[in-house]
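Same order as they appear, the protein sequences are chains Y and H.
Just remember that this note's numbering sits 115 ahead of the position in the first sequence, which is counted from 1.
Just remember that this note's numbering sits 2 ahead of the position in the second sequence, which is counted from 1.
What follows is a set of notes on a single structure, which appears directly below.
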Amino acid sequence: MTSVLTVAAARLLMAPILVVAAAVLVKGYADVGDGFSAGVIAALGVVLQYLALGREEAERLLALRLIGPAVFVALLGALAVALIPLARGDALLEHAPAPGADVVELGTIELITAVAFDVAIFVLVVAAVVGIVRAIAHVAEGEGEGGQ
Amino acid sequence: MADDRPHARGAHRVLAPASAILAALLLAATLIAWSSGGGSLDLPWAPALGLRLHFRLDGLAVLYILLATGVAVAVFAYSARYLPLHLAHGGRPAGESVRFYALLVLFMGAMIGLATAQDLILLFVFWDITAIASYYLIAYDRHEAESRWAALMALLVTGVSAVLLLIGALVLQAEYGTFSLPEILEQVRPGGAVTLAGALIALAAIAKSAQVPFHFWLPRAMTAPTPVSAYLHSAAMVAAGVLLIGRTYPVLESSRLVLDGLVVVGVASMLVGGLLALSRDEIKRLLACSTFSQYGYVVFLYGLGGPLAATAAGLYVLAHGIAKSALFLTAGAVTEATGGRNRLSDLGGLARELPVLAAASGLAAASVAALPLTLGFFADELFFGAALERGAGYALIAVAGAALTFAYLGRFWIVIFLGARQGGEARAPRLLVVPVLALGLAALAGGLVPSPAADLAADAASASVLGPAEASVAYHLDLRAENLMALGAWALGSLLLACAGGLRDPLMKVASIGARLGPERIYGGSLVALNRLSDRIHDFEVRDLRTRVASVLMPAGLLVVIGVLATPSAGAYTVGSIRVRDAGLVLALLVACAGALATTVPRRHLTLALVVATVGYGLTAVYAFIGAPDVALVAVLVETVLAVLLLGVFSLVPADVLRREAELPTRATRRWRDPLVGVVSGGVAFMLAWGALSRPVRGESIAAEHVRLADDAHAKDVVTAILADFRALDTLVEVTVIAVAFLGVSSLLRRGRLL
Chain Y
116 MTSVLTVAAA RLLMAPILVV AAAVLVKGYA DVGDGFSAGV IAALGVVLQY
166 LALGREEAER LLALRLIGPA VFVALLGALA VALIPLARGD ALLEHAPAPG
216 ADVVELGTIE LITAVAFDVA IFVLVVAAVV GIVRAIAHVA EGEGEGGQ
Chain H
3 MADDRPHARG AHRVLAPASA ILAALLLAAT LIAWSSGGGS LDLPWAPALG
53 LRLHFRLDGL AVLYILLATG VAVAVFAYSA RYLPLHLAHG GRPAGESVRF
103 YALLVLFMGA MIGLATAQDL ILLFVFWDIT AIASYYLIAY DRHEAESRWA
153 ALMALLVTGV SAVLLLIGAL VLQAEYGTFS LPEILEQVRP GGAVTLAGAL
203 IALAAIAKSA QVPFHFWLPR AMTAPTPVSA YLHSAAMVAA GVLLIGRTYP
253 VLESSRLVLD GLVVVGVASM LVGGLLALSR DEIKRLLACS TFSQYGYVVF
303 LYGLGGPLAA TAAGLYVLAH GIAKSALFLT AGAVTEATGG RNRLSDLGGL
353 ARELPVLAAA SGLAAASVAA LPLTLGFFAD ELFFGAALER GAGYALIAVA
403 GAALTFAYLG RFWIVIFLGA RQGGEARAPR LLVVPVLALG LAALAGGLVP
453 SPAADLAADA ASASVLGPAE ASVAYHLDLR AENLMALGAW ALGSLLLACA
503 GGLRDPLMKV ASIGARLGPE RIYGGSLVAL NRLSDRIHDF EVRDLRTRVA
553 SVLMPAGLLV VIGVLATPSA GAYTVGSIRV RDAGLVLALL VACAGALATT
603 VPRRHLTLAL VVATVGYGLT AVYAFIGAPD VALVAVLVET VLAVLLLGVF
653 SLVPADVLRR EAELPTRATR RWRDPLVGVV SGGVAFMLAW GALSRPVRGE
703 SIAAEHVRLA DDAHAKDVVT AILADFRALD TLVEVTVIAV AFLGVSSLLR
753 RGRLL
C-alpha cells in the first residue's frame, strides 16, 4: 500500500520532526508554542512512522516499550513540580526562581521550574497519544489475525 | 533436604530473614527508646487544616509495638519455611512471596504508626492502611473465590466502619477545634457531641476487633495463609480495635452509655465466641472464634471502666497476642505435618511424634486458658479483680467466660495432641516449630516473672486513663476472691470439656441458625442489594445514550433560547464594517461555514471524519488571521491528532459494520426533526455569539494583567506563561484528565495493559 517514496520520506522526516518538537518545547517561553504543542508534533511524527512503515517496523526503529508507564512518570513529574514548593512553605505550583530573581539562560532556554513543568506535559502528551495509537495498532492487528 | 525445599531459591530467600531482622531491630529500638523515657515526633503536615504528623511513644504505644514487632519476628521466621511450602502446594512461582513480605512489612509499619499516632486524622490514615493491607493478605490465594470473598468482607466491614471513626474525629474537631488527641483528651467533658463521637469511635473499634455483631468476618478470614492469620488475627489487625479504644479512652469513658454498650458487646462476644469455638471442627476457625471471644474480654474490661480494668485490658492484649499467634502457628504446623488435615475430627495423638510442638502449644494454650505459671494467669487475675470491683454479676460473667475459654482450648489441645492416633506419619519441619516454642516460652517467662509485663500494662493504662495506674501481680497461695474465681472457672471449664461431645450437636444447630439469620446474612443481603441497585442505576443511565444526552442538552438549549428572546434587542446586535485587509479572515470563515454545512451530507464515517476535520482547519485559519498564533498552532495540531485517532478507531470497527450503519435508511420522523433542531440551535448560537460580540468589553480585562505579569514570570510568550505558570493548576488537572483517559483507553483496548 505504501510506496517506497512514502517510506523513505517518513524515515527522513522523523528526525526533523523531533527537532521541531524540541524547538517548540524549549522556545516555549520566548516564542509561540509550549509543551503541549511540542508533544503533539512529536507524537504525530511517530504516528507517521506507524502509517508509513507498519507497526512492526515502526516499533523496531523506535523504542516504545515504556511509552505507557511514561504517561504516569510524566504525571508524577508534573505533580512533583506542583508539590515541591509546598515542602518549602510556598504555595502550590509556585515557580522558582522568584519574580525579579536572576535566571540562568542557555541561549533562548531559561532554566526555570515552569519549563520543567512544560517538559513533563510534553512527555505526557507524547506518551498518551503514541500509547493510544499503539494500542489501536495492536488491537487492529490482533483482530486481523483472529479473522483469518 | 535440598529437594524438600521447593522454590526457596534466589533473592526470595533473603526476604524472610530480612523482614524478621527488621522486625527485631524495631523491637529493640522500641525497647531502647522506651527505657530511655519514650519520645515524640511532631512535624507540620497540613497546617491549613490543623493537621500534624504527631507521634509519641507512650506506654500504650510501646505495648502494641512490642506485640506487633515481637510476633512479627516469629511470624517471619515461620514464613521462611511455611510460605515456600504453601506456594508449592498451589503450584505457584516463588516470586509471589515478594508481595507477601511487602504487605506484611507494610502492615507492621501501619501498626506502629497506629500505635504512636497522636492526631485523629493520622490515626485514621494508618487505620485504613491496615485495612487495605489486610485485604491483600487475606486474598493472598487470589485464585480461590472463597479467599476473595473473605477479603472483601473483611475490607468492607472494617473499612465502612472506619468511616465512623472519621466522622467521630470530625465531631470531636467541631467540638474542640483540633484533631490533636492530647489536646482533645485533656479538655474532654461529658456532653452530647462527645457521646456521639465516642459511640462512633467505639463502633469502628468493635468492627475492627471482630466483636459481635461484626464478628462474622473473622472466621471467614481464616482462608488467609496461616502466618497472616497468626499475625493479623491475633496480635495486629484485631488488636487495632482495642488499641483505638485505649487511645481515645477518655472520650469513651465520659459517657456511661458508651461504656455500657462496650460491656454488652464484650460479654456477647465473649460468650458467642466461646460457644462457637466449642463447636467448631476446623482448627483455624476454632481459633478465630476464640480470638474474638478473647477480645470480648478486653472490650468488656474497657467497658467496666477505671484504671484497674484498663491495666487488665493491656495485660490481656499482650498475653493473648503472644499465645494466640503461637496457637495459629501450631495450627499451620499441624496441618503441614499431617499433609493437609485441618479438622479436629481428622487429627489426634500427635504428641508422640511432635513432642516439642505439643509442649510449646501447650504453654500457649495454658496461657490463654489462664493456668498458673503463664502470663495469661495474671491477665485473668486482673480481669477477675476488675470484674469483682464492679459487682458480683460481672464476676459471674467473667467466670463463665473463663470457663468457656478453658473448655474449648482444652478440647483443641487434647484432641490434637492426645487422644486416638489418626492418619499416617507426621513430621513438622524445625522452622515451623521453633517460632511456636519461642512464643510459648515467652508466655511461660511472663508467668514466672510477671512484673515487666504488668508494669508495661500499667503504663499503657495510665496513657489511656490519663492518670496513675498500677498493677501488683504475684502468686498468692490463699483463698482470695480472684483465686476462688479462677478455681471455679477451671472446675466449670473441666465440666464443660467433659460434656463437650454432647454439647456439640445442639451448639452446631444454634450456630447454623445464627449463620442463617445473623449479621452475616444481613451483610450478604445488603451486598447483593447494593449490587442490584448499582446495576439498575447503570442500566437506566446508559440504556439510551442519545436520550440521556438530549435530556441534558434540550432544557439547557431551551433556557438559552428564552434568554435570547427575552433580551431587549435594541442596540444588542450591531453590524461592523469589513475592511479590505479582513478579506483573508472572511474567506477562512466562509471555508469553515461551508465545512460545517458539508457535514450534513456524507453518509460514510470516514468521509464524515475528514469533513469535520476540514471545519477545524478552517477555524485554525481564522485564528491565524485574527493574530493568535499560539491558539492556531494548538488548533491545527489538535485537529490533526483528533482526525488520526478518529480514523484509527474506525479501523477497529469491521468494515461491513460501518457500511451497514452508513446505509441504514433515515427514519421518517428524523427527516424533518433533525434539520429543524439543527437550524434552531444553530440560529440561537449565532444570535448569542453576535450579541456577545456586539457589546464592547467593559473595564480592565485580565489579559492586560497577564501581559504585565509575564515579565515577572521570566516569560516572553504570554500564552505559555499562562499555561505553565498563572493557570498551571488548570493545566495540571487537564493533563491528569489526559492520563486518566489514556488509562481508560488502554483498559478498553488492551485489557488494562499499558504497554
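Beta carbons are placed, not taken as given, at the ideal position from N, Cα and C, and that holds for glycine.
For residue 290 of chain H and residue 88 of chain H, the rounded distance between their alpha carbons: 20 Å
Minimum Cβ-Cβ distance from residue 6 of chain H to chain Y less than 8 Å: Annotation note: pLDDT 41 at residue 6 of chain H (below 50); position unreliable, no value reported.
Test: residue 239 of chain Y CB closer than 8 Å to a CB of chain H: yes
Whole-angstrom C-beta distance between residue 215 of chain Y and residue 714 of chain H, which should lie under 8 Å: 7 Å
DSSP state of residue 57 of chain H mapped onto helix, strand, coil: strand
Where the stretch 727-748 of chain H meets chain Y: residues whose CB sits under 7 Å from a CB there: 727, 730, 731, 733, 734, 737, 738, 740, 741, 744, 747 and 748
Given residue 409 of chain H as reference, the closest of H/396, H/503, H/460 and H/651 once Cα atoms are compared: H/503
Cβ-heavy atom distance, residue 602 of chain H to the ligand HEM, below 7 Å: This structure lacks the ligand HEM, and indeed carries no ligand of any kind.
The stretch 172-185 of chain Y touching the stretch 231-246 of chain Y, judged by at least three CB pairs closer than 8 Å: yes
Range covered by the beta strand (DSSP E) that runs through residue 42 of chain H: 41-48
Interface residues of chain Y facing residue 160 of chain H [CB-CB closer than 9 Å]: None at all; the shortest Cβ gap to chain Y is about 30 Å.
Any chain H beta carbon closer than 8 Å to residue 192 of chain Y: no
Interface flag, residue 199 of chain Y vs chain H, CB-CB below 8 Å: no
Distance between beta carbons of residue 284 of chain H and residue 344 of chain H, contact taken as under 8 Å: 6 Å
Nearest-angstrom beta carbon gap, residue 79 of chain H and residue 431 of chain H [assumed within contact, 8 Å]: Incorrect: roughly 12 Å between the Cβ atoms, too far for contact.
Coil, strand or helix - residue 5 of chain H by DSSP: Summary for residue 5 of chain H: the model assigns pLDDT 39, below 50, so the residue's position carries little reliability; its value from the coordinates is reported in the next sentence. Three-state result, residue 5 of chain H: helix.
Cβ of residue 719 of chain H within 8 Å of any chain Y Cβ: yes
Residues near residue 574 of chain H in its chain [Cβ-Cβ closer than 7 Å; skip 5 each side]: 693 and 696
Test item: CB-CB of residue 802 of chain H and residue 187 of chain H under 8 Å: Residue 802 of chain H lies beyond the range of chain H shown here (3 to 757); nothing can be said about it.
Contact under 8 Å by Cβ, residue 308 of chain H with residue 261 of chain H: no
Three-state secondary structure assigned by DSSP to residue 177 of chain H: helix
Minimum C-alpha distance to residue 481 of chain H - residue among H/131, H/475 and H/489: H/489
Identity of the residues DSSP links to residue 345 of chain H by a beta bridge: H/284
Neighbourhood of residue 499 of chain H by C-beta distance below 7 Å, restricted to the same chain and skipping five residues each side: 409, 412 and 413
Residue 10 of chain H (DSSP reduced to helix, strand or coil): Caution applies to residue 10 of chain H, whose pLDDT of 45 falls short of 50 and renders its modelled position unreliable; the value that the coordinates give is listed next. Note: residue 10 of chain H maps to coil in three-state DSSP.
DSSP three-state assignment for residue 546 of chain H, whether helix, strand or coil: coil
Cβ distance (whole Å) where residue 349 of chain H is taken to contact residue 417 of chain H below 8 Å: 7 Å
Minimum Cβ-Cβ distance from residue 152 of chain Y to chain H less than 8 Å: yes
CB contact check: residue 611 of chain H to chain Y, cutoff 8 Å: no
Chain Y contact for residue 661 of chain H (CB, 8 Å cutoff): no
Burial state of residue 338 of chain H (16 or more Cβ within 10 Å): buried
Proximity of residue 140 of chain Y and residue 237 of chain Y at Cβ, strictly below 8 Å: yes
Minimum C-alpha distance to residue 23 of chain H - residue among H/175, H/82, H/46 and H/57: H/82
Selected residue, minimal CA-CA separation from residue 166 of chain Y, among Y/257, Y/230, Y/221 and Y/126: Y/126
Spatially closest choice to residue 210 of chain Y from Y/204, Y/229, Y/201 and Y/161, by CA coordinates: Y/229
Beta-carbon gap between residue 316 of chain H and residue 28 of chain H smaller than 8 Å: no
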